[in-house]
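Residue numbers (the working numbering): -15 to 302.
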Amino acid sequence: MQQHSGQHLLSAVLEKHFAAKTISFHLSADVETIDIDRAEITPEQLAAVEREANAQITANLPVRIRYVDRTEAESLLAAGRLRKLPPREGRIRLIEMEGLDLNACGGTHVRSTGEIGALLLRRTEKIRSGLRLEFLCGQRAIAAARADDQLLRQLSVLLSAGRAEMLAAIERHQAERKSLVKEKEALREELAALLAANLIFEPGRLREWQPAKECVTPTDSARLDAPLLRMIASKAIAANPASALLAWLPLGERVSVVLAAGKEAGIDSGKLLKEAMQQLGLRAGGSRDLAQTELLADSLAVLLSSLREQVLAMGWKQ
Ligand SMILES: [Zn+2]
């Protein structure tokens, strides 16, 4: 009842003071919305609508029901006194909020606008026909404000900041995060360069590398992931243009596999990996220099031997 009467009042305020017509409304278990024929509304206008709606609630206008016949209803509509008239014959039931609104409606209403309690406008959303406004009345408005307050308290604890400082705290966290990500990327580049420099290649021999077994310290392999494996392979091959590298890294149930070949190796990594994966019924791509794929650990042995076979067939040694 509070929500429905609140909708009448809000629609009337929007039309009277802000020239915005209500196209439709929706009352549900947890949120009320009305759609208006306006493309946008500024936060200041929204606050003004809310202020005016609450002033009309505080004014405690009597809400009355009266019945008119179709002809009278039509003349009221023509005179601009009736906000809406459904296409119905016979007696028309009108709900009047004294001095504010006259609307045809069959619903149950409060006896005076004061019973609506309060009206809280929430978020707005652009829709095809205009703008959707979310609102809540009475106890629901209080409950929503209470939930917001609870959320702000939790955020305040998480951020170790009072309400006035919360925005600045989030901005600080974001800036810190950005610089940490940058620092992490620089460290990964450095780690990749170090691990690539440690890889020793023999001419004409396919270099196989399983970092989990060969890394200098356990932390090196613990910090490895598929993009880093790729980065290392690319650096190693750039420094050894006549070499080829086959590297793999277990990632839980899956394994990342990289085949990389230097400019002078005469090996098309993308083509070889694609063909080897095809034998397993899987797909892969990649460039001549470097190709990477991921597959289930069960299939790794088959993929590796197929790749070796292809490389050895080109006259390389294992
Ligand atoms: Zn109604």
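Yeah, the Cβ is synthetic: ideal placement off N, Cα and C, and Gly gets one too. For clarity, every value in this text was computed on a predicted model and none was experimentally measured.
Inset, instruction - Using 7 Å as the cut-off, classify the Cβ of H1 as near or not near the heavy atoms of ligand 1, replying yes or no. - result: Checking the Cβ of H1 against ligand 1 gives no.
Inset, instruction - Might you give, ordered along the chain, the residues of its own chain that have their beta carbon closer than 6 Å to the beta carbon of A128, omitting 5 neighbours on each side? - result: Taking C-beta separations shorter than 6 Å and ignoring five residues to either side along the sequence, the partners of A128 in its chain run L120, following chain order.
Legend entry - First through last residue of the alpha helix (DSSP H) which encompasses F185: Per DSSP, F185 belongs to no alpha helix (DSSP H) and is neither H nor E.
Inset, instruction - Write down the C-beta distance between A303 and V241 rounded to the nearest angstrom, noting that I regard them as a contact closer than 8 Å. - result: Residue 303 is absent from the structure shown; the chain starts at -15 and stops at 302.
Inset, instruction - For E80, name the three-state secondary structure that DSSP assigns. - result: Of the three classes helix, strand and coil, the one that applies to E80 here is strand, per DSSP.
Inset, instruction - Confirm the yes/no value for this check: CB of I49, any heavy atom of ligand 1, distance under 7 Å. - result: The answer is no for I49.
Legend entry - beta strand (DSSP E) segment containing P234, residue limits: For P234, the enclosing beta strand (DSSP E) begins and ends at 228 to 235.
Inset, instruction - Using alpha carbons as the reference points, say which of L274, P187, E278, G146 lies closest to L266. - result: With distances taken between Cα atoms, L266 lies closest to E278.
Inset, instruction - Run the CB neighbour count on D132, radius 10 Å, all protein chains shown included, and call it buried at 16 or more, exposed below. - result: That one is exposed.
Legend entry - Short Cβ contact (8 Å threshold) for A125 with A145: No, these two residues do not count as a Cβ contact at 8 Å.
Legend entry - Same chain, Cβ closer than 8 Å to D53, five either side skipped, listed in chain order: The beta carbon of D53 sits closer than 8 Å to those of G74, R75, I76, all from its chain and outside the five residues before and after it, given in chain order.
Legend entry - Pairwise C-alpha distance: E160 and L151: It is roughly 14 Å from the alpha-carbon of L151 to the alpha-carbon of E160.
Legend entry - Close Cβ partners of G114 (< 7 Å) along its chain, the five nearest in sequence each way excluded: Taken in chain order, the residues that qualify are I7, D19, I20, D21, R22, A23.
Legend entry - Beta-carbon proximity check, L69 vs A88, cutoff 8 Å: For the pair L69 and A88, the CB atoms are nearer than the 8 Å cut-off.
Inset, instruction - Evaluate G250 with the Cβ neighbour count: other Cβ atoms within 10 Å of its Cβ, from every protein chain shown; 16 or more gives buried, anything less gives exposed. - result: Classification for G250: exposed.
Legend entry - By C-beta, the residues closer than 6 Å to any heavy atom of ligand 1, given in chain order: Per the Cβ criterion, the list is H(-12), H(-8), C89, G91.
Inset, instruction - Could you check if V295 is buried or exposed, using at least 16 other CB atoms within 10 Å of its CB as the buried criterion? - result: The residue is buried, with at least 16 neighbouring Cβ atoms inside 10 Å.
Inset, instruction - Return the residue from the list A285, E16, L178, L230 that minimises the CA-CA distance to R116. - result: The alpha carbon of R116 has as its nearest neighbour, out of A285, E16, L178, L230, the alpha carbon of E16.
Inset, instruction - Could you tell me whether the Cβ atoms of F185 and S227 are closer together than 8 Å? - result: For F185 and S227, yes; Cβs fall inside 8 Å.
Inset, instruction - Determine which residues share a DSSP beta bridge with D85 and list them. - result: BP columns for D85 point to M81.
Legend entry - Inter-residue spacing [alpha-carbon to alpha-carbon] between D273 and K197: Distance from the CA of D273 to the CA of K197, rounded to the nearest whole angstrom, comes to 25 Å.
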